[in-house]
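Count along the sequence shown starting at 1, add 98, and that's the number in our numbering.
See structure below.
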Amino acid sequence: MMADQSLQQLFVGLVDLSAVPDCRIRGLTLDSRQVRPGYLFLAIPGTVTDGRLHLQDALAAGAMAVAYEADPGEHPVQVAAAPGCFAVKDLHKRCGLLAARFYQHPSRQLQVIAVTGTNGKSTVCWLLAQALTAAGRKCAVIGTLGCGFPPEVTTTGLTTPDPIRLQQQLALLRRQGATAVAVELSSHGLDQYRDQGLAVNRAVFTNLSRDHLDYHGSFADYEASKLRLFCRPGLDAVIVNDDDPVAMRIRQQSRAPIVGYRVSNAGPASAVDLVIAVVHATDRALVLRLSYRAKALALEVPLLGEFNASNIAAVVGVLLTLQISIATMPPIFCELQAPPGRMEYFASADQRRRVVVDFAHTPDALARALCSLRPHTRGQLWCVFGCGGDRDTGKRPQMGAVAEQFADQVILTDDNVRHETPEAIIADIEAGMQGPHRVIHDRLLAIRTVLAEAAAQDLVLVAGKGHERTQQIGDAYQPFCDRDVVQDLLRPAA
């Protein structure tokens, strides 16, 4: 429980304090439904609703005060005369700073590593938390998989929480003994300034490919939202994937020291670059060769998928900037565990049925997953996937084409159809396909069918949902988890 805070102290330097009530607040929130007596309600326009429409609800719930986004001529309600209400210019950009002040800047007491990119954020954060903890620096995660200390995390529902919840989580993790936190920063979170008030020490760029264009409108805007992270002041180091062309633009724009990494099987590393090469992949692990500044060593990491070499390289890059010796890394990395729903391997007791569950929900991620699994497949490679409703429709035919190109058998199924019809989503996917495939809308039936038909030498990829535990249909969330379904189907019959 946080102590009461002076409302005027929270707004020092942000607004004329004569307009701010002289009172103390017990909490703050962006959701009028979460207002409690003594709270400050921050009313800003959102993507779903406008918080300024709910001022009276907040006051009726006992809000001590209401700060609302100043937007002359466009207020949805008359608020100027309401007692305890005051306008703040660009309030949506300042919520993070207000929350940081209220929770006494917890990120300043932590080593904060922010990770952004289209694919790999969750995996890098999860592995980084394990590696740092093994190196004696207790590290937590905040991201898609939840908040906490892996493997024990609490689901939050968002990759990057709203700015108030983010600061609240950081304060809680600090009290629980964290000295470092790996934070996923999504393009939505960066674009909506959820990271304001977050003291970031190190920033990691994994890669950039098509996603979220329904929100950003163009790939250029999507990229620009990501690059904001690397231009902020106060960064001690930036770690970038030099295999991605966007890394060059980060190098041009960032003023922080940069460590670049790449995955290659050709030649030694340069004087400044980290290079990881895949020596070979076993059924359950990657054997890697790591080169950095004339030093080289072997790493064996119990992860599936050669593309994970890039994620490992990102983690190594962060560790190097934290002065963790390269010689200490092999025993750390051999104990790492894959995050839930990220190239997660399941098999029947007799090993005749093998399944990988992965979150791949972009064309690039699906291609990487399928290509990485091909060396582990002695028979046919099956792919079960769908595309989410109310999201970037342009990637659907691309994903269909990718599945058809890299899998031997493709089953299209439903995946969070939301407010679209399943038939329309499947039709969009099929627009990119020319060869034979099957459609089984019922996801449980689709997975059951594939496991019944796949031969002993085959490998099945169930893609798209990963760690998720629900299916969204309309506004309803129905319990469903690919991981649980697969494990249940692989168990011997009683």
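In this text, a Cβ means the ideal position worked out from N, Cα and C, and glycines have one as well.
Just so you know, these numbers come straight off a predicted model, no measurement behind them.
Can you tell me whether H535 is helix, strand or coil according to DSSP? coil
Q. What three-state label does DSSP hand Q267 in the structure shown?
A. helix
What does DSSP give as the partner residues of G241 in its beta bridges? G244
Pick helix, strand or coil for Q350, following the three-state DSSP scheme.
-> helix
Q: Check H474 in the structure and name its three-state DSSP category.
A: helix
Query raised in the report: How would you write the range of the alpha helix (DSSP H) that P520 sits in, first residue to last?
Result: 520–528
Item to complete: Write down the C-beta distance between N339 and T221 rounded to the nearest angstrom, noting that I regard them as a contact closer than 8 Å.
Response: Between T221 and N339 the Cβ distance is about 13 Å, and since that is not below 8 Å, they are no contact.
Discussion item. Quick check on the DSSP output: the alpha helix (DSSP H) that includes T547 runs from which residue to which?
Written reply: 541–551
Problem set entry | Inter-residue Cα distance where the pair is A425 and T231 | 17 Å
field: N-terminal and C-terminal residue of the beta strand (DSSP E) that I337 is part of
entry: 335–339
So, does the segment 558–565 touch the segment 518–535, judging by three or more C-beta pairs under 8 Å?
no
I'd like to know whether the C-beta atoms of A165 and L264 end up nearer to each other than 9 Å.
no
**Q.** Spatially closest choice to V453 from G439, P461, T460, A463, by CA coordinates
**A.** G439
TODO: Just tell me which of T475, Q496, A522 has its CA closest to the CA of D506.
DONE: T475
#### Entry: Residues that DSSP places opposite C98 in a beta bridge
In the structure as shown, the chain starts at 99 and stops at 592, and residue 98 therefore has no counterpart that could be examined.
Check: Taking the alpha-carbon positions, what's the V377 to L386 distance?
Finding: 5 Å
Whole angstroms is fine: what's the gap from N514's alpha carbon to C485's? 7 Å
Please state the DSSP three-state secondary structure of E598. A query on residue 598 cannot be resolved here, the shown segment of the chain reaching from 99 to 592 and no further.
ask   = Near P428, which residues of its chain fall below 8 Å by C-beta distance, leaving aside the five closest residues on each side in sequence?
value = L395, A396, L397, E398
**Where the beta strand (DSSP E) containing T127 begins and where it ends** = 125–127
Under DSSP, the beta strand (DSSP E) around Y137 begins and ends at which residues?
137–141
Smallest Cα separation from E250: which of P259, T258, I240?
I240
- Item | Cβ pair count under 8 Å reaching 3, the segment 283–302 against the segment 322–331 | yes
Next item on the list: Please classify G415: does DSSP put it in a helix, a strand, or coil?
Entry: helix
Self-check item: Three-state secondary structure (DSSP) of I424
Solution: helix
Classification of D556 by the beta-carbon crowding that lies within 10 angstroms, buried from 16 upward
buried
Nearest to K493 (by Cα), restricted to the options G477, A180, T460, G295: T460
Check your understanding: So does the segment 266–278 actually touch the segment 191–211, counting three or more Cβ pairs closer than 8 Å?
Key -> yes
Applying the 10 Å Cβ sphere with the 16-neighbour rule, what's the burial state of G246?
buried
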